[in-house]
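Structure first, then comments.
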Amino acid sequence: MTSNKKKTSSYRRLKSAKIIQTIEILHQRINERFPNSGLSDVCLELHDLATETKDKIAWIQQPNYLLRTVTGILVILLIFTSLSLVASFEFSKLLEGNFGDFENLEALTGIIIALGATAYFFITFEDRIKRHRALESLRDLKAIAHVIDMHQLTKDPSKLVQGIVSTKSSPPMDMNAPNLIRYLDYCTEMLSLI
């Protein structure tokens, strides 16, 4: 049972090095069959993007100790400021019924809430920076997926069937059936590697 668990867990994470290696091999295959083609260029771009993504993942996984230290100091200062404001407030005057003191208490509450929101902003700052970098990478991957799809738009296998009449604006079909099948397979492989 233990070996089965270990075997299963290795399939729950993607390994960047393996993905990059697979993209390199795919690029070689595409370049051998369709040298200097746009699809080959797209695969090369996918390789560059995979390498950049690997570096971004490493950056995201590393804690930013400088930012955490500055955040910790700022949060401690905010807590100290809140406590000193509360300590300086004379709660005994509230019992006398002076309305000015109630206004002061309301202002103090507002200040403490604002300081708490500021502390929350600083505490979550590192996560927001990292989330932004991750979303940038996802947008890049989405864009290249669209480019791969666009390469497939003019490659319609039904045009190889006899009897299909092209129009004036139909894109020319300059591939035979085996090359068209291989081309579409390469597109599918690239999409699966995104």
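So the sequence shown is residues 46 to 239, counted in our numbering.
Glycine residues also receive a C-beta, built at the ideal position from the N, C-alpha and C atoms.
Need the endpoints of the alpha helix (DSSP H) that residue i sits in, please.
i                 : result
lysine 99         : 83-106
arginine 78       : 61-78
arginine 227      : 222-237
phenylalanine 134 : Element bounds for phenylalanine 134: n/a, residue is neither H nor E.
lysine 175        : 170-198
Can you check which of these residues, the options, is closest to residue i by C-alpha distance?
i                 : options                           : result
aspartate 194     : Asp172, Arg176 and Cys88          : Cys88
threonine 163     : Ser237, Val120 and Ala222         : Val120
phenylalanine 170 : Asn109, Ser203, Ser214 and Thr126 : Asn109
threonine 233     : Leu71, Lys60 and Gln66            : Leu71
glutamine 197     : Met220, Gln107, Leu180 and Thr212 : Met220
tyrosine 165      : Leu123, Val131, Ser129 and Arg57  : Leu123
lysine 175        : Gln107, Leu128, Lys213 and Leu130 : Gln107
Measure the CB-CB distance between residue i and residue j and report whether it falls below 8 Å.
i             : j             : result
leucine 84    : tyrosine 231  : yes
arginine 178  : isoleucine 75 : no
leucine 229   : leucine 205   : no
arginine 227  : arginine 78   : yes
threonine 116 : serine 182    : no
alanine 95    : isoleucine 68 : yes
leucine 160   : threonine 126 : yes
Using 8 Å for Cβ pairs, my map puts residue i next to residue j. What's the rounded Cβ distance?
i              : j             : result
threonine 199  : proline 216   : 4 Å
leucine 238    : isoleucine 64 : 6 Å
isoleucine 102 : serine 61     : 7 Å
Validate contact between the region 148-156 and the region 185-192 using beta carbons, cut 8 Å, 3 pairs:
Because the criterion of three Cβ pairs below 8 Å is not met, the region 148-156 and the region 185-192 do not touch.
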